[in-house]
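If you're matching positions, the sequence shown starts at 733 in our numbering and goes up one per residue.
Even glycine gets a Cβ: it sits at the ideal position worked out from N, Cα and C.
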Amino acid sequence: ADIDFSAFKDPKLARGLIETIHRLAPEHATLMEVCGTHTVAIARNGIRDLMPEGLRLASGPGCPVCVTCNRDIDTVIALARIPNVTITTFGDMTRVPGSTSSLLAEQAAGRSVEIVYSPLDALAFAKAHPEREVVFVGVGFETTTPLVAMAIKRAKAMGLSNFTVFAAHKNMPGALELLVGDPTLELDALILPGHVSTIIGAEPYRFLAEKYGIPGVITGFEPVDVLQGIAMLVRQLHEGRAEIEIAYARGVMPEGNPVALAAIDEVFETCTATWRGLGDIPGSGYRIRDEFANFDAVRRFEPDVEPTRDPKGCRCGDVLRARIAPNECPLFRTVCTPENPVGPCMVSSEGSCAAYYRYY
Ligand code: SF4
């Protein structure tokens, strides 16, 4: 209640931070913003253009829709084709092209697809439609995983037998380890996500500093928050330190949110997940535990998934690994647009390609 928000829109503060960044930035450095919301904040506020010449801001794999692999999209489409199934999902997912279809195309062909804003909405839908088999598409990082865990627990407590979840949740640390270990990227520091960190805290990132010598700063999403995060990172680089610091102190506790973490742990166990562009990463996915197997859509319906094909010419994999910027994809803006997206990075409002399309 005693937080002073007035500073966040403060141009003087912003100017001071930009000066600090210019004064302390090394001659050459690459900082990666991990989270899609940061990607949008950086693009919308023109922060990339405010940086010193040698300071590159690269976008990472933090858009959950974008990192969902085609096999998972195809599996959801196969579930949608099962008679009597209603797919409930966040809006972005309906437009992501799978190998030969999308949820939107399936809906146009008469299949039942409902857009919801939370897994609890999906649960309410299932309760109100006992004649339907309601499948919720669980995609996202630790900001959404606890809500899905709670929905599954509630469904069990209610004895609701027509609600299941397709679980494609992921966590970030394994993906970050892969990226900092990639010698072609030469990452120097990480701008870490505020939202996810309110749940997981700072601890899961600690190994990045200790094992790889990569500094990280957890920060929020206002323009000044992002500048503050970058200023703290260039200061660490300048002083030769590698630590995980928290600039988003109003939201993040070092140990995270124990209640949300306990809910995840009760319902899910970690497993290998396949990421678009990054491949299989051990421990980076969440599978529904055997005790809750009745609520696992794949185990209940065993969908018949078509052979997977990646969208032709789409470079989302390289965009998600920061190997290319979105406007270096040959299809960017010519063939691929938000109205006619070829890959998920152009579909999702948090996708790098969509952010570039809108703001560059
Ligand atoms: Fe894929 Fe379109 Fe992005 Fe190219 S611009 S990487 S085709 S989403």
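- At least one heavy atom of ligand 1 lies closer than 7 Å to the C-beta of Met1078.
- Under a 10 Å Cβ-count criterion, Asn903 is classified as buried, with 16 or more other Cβ atoms of the shown protein chains found around its own Cβ.
- Taking the Cβ of Val828 as the reference point, every heavy atom of ligand 1 lies at 7 Å or farther away.
- Leaving aside the five residues that flank Ile805 on each side, the residues in its chain whose CB is nearer than 6 Å to its CB run, in chain order, Val828 and Gly830.
- By the Cβ-count criterion, Cys1003 is exposed, with fewer than 16 other Cβ atoms from all chains shown falling within 10 Å of its own Cβ.
- Spatial neighbours of Arg1065 in its own chain (CB-CB distance under 7 Å, excluding positions within 5 residues in sequence) are listed in chain order as Tyr1089.
- Secondary structure note for Gly988: it is in no alpha helix (DSSP H), with a DSSP letter that is neither H nor E.
- In this structure, the beta-carbon distance from Ile950 to Ile753 does not fall below 8 Å.
- If you draw a straight line from the Cα of Thr818 to the Cα of Ala858, it comes to about 9 Å.
- A straight line joining the alpha-carbon of Gly988 with that of Glu1071 spans about 38 Å.
- Between Leu922 and Ile884, the CB-CB gap reaches or exceeds 8 Å.
- For Thr951, DSSP records a beta bridge to Pro925.
- Asn1059 counts as exposed, since fewer than 16 other C-beta atoms from the protein chains shown sit within 10 angstroms of its C-beta.
- Residues Met783, Pro784, Gly786, Leu787, Val966, Leu969 and His970 of the same chain have their beta carbon placed closer than 8 Å to that of Ala757, with the five preceding and five following residues left out of the count.
- For Phe1000, the distance from the CB to the nearest heavy atom of ligand 1 is not below 7 Å.
- Relative to the non-hydrogen atoms of ligand 1, the Cβ of Gly1075 comes within a distance shorter than 7 Å of at least one.
- In the assembly as shown, Pro1039 is an exposed residue. Its beta-carbon has fewer than 16 other beta-carbons within 10 Å.
- By the C-beta density criterion, Tyr1091 is exposed, having fewer than 16 other C-beta atoms within 10 angstroms.
- The DSSP assignment places complete beta strand (DSSP E) segments of no fewer than 3 residues inside the stretch 733-812 at 761-767 and 787-794, in order along the chain.
- Counting only runs of 4 or more residues that sit fully inside the stretch 828-879, the alpha helix (DSSP H) segments are 835-840 and 851-860, in chain order.
- When C-alpha distances from Leu993 are compared across Leu910, Tyr849, Arg982 and Met882, the shortest belongs to Met882.
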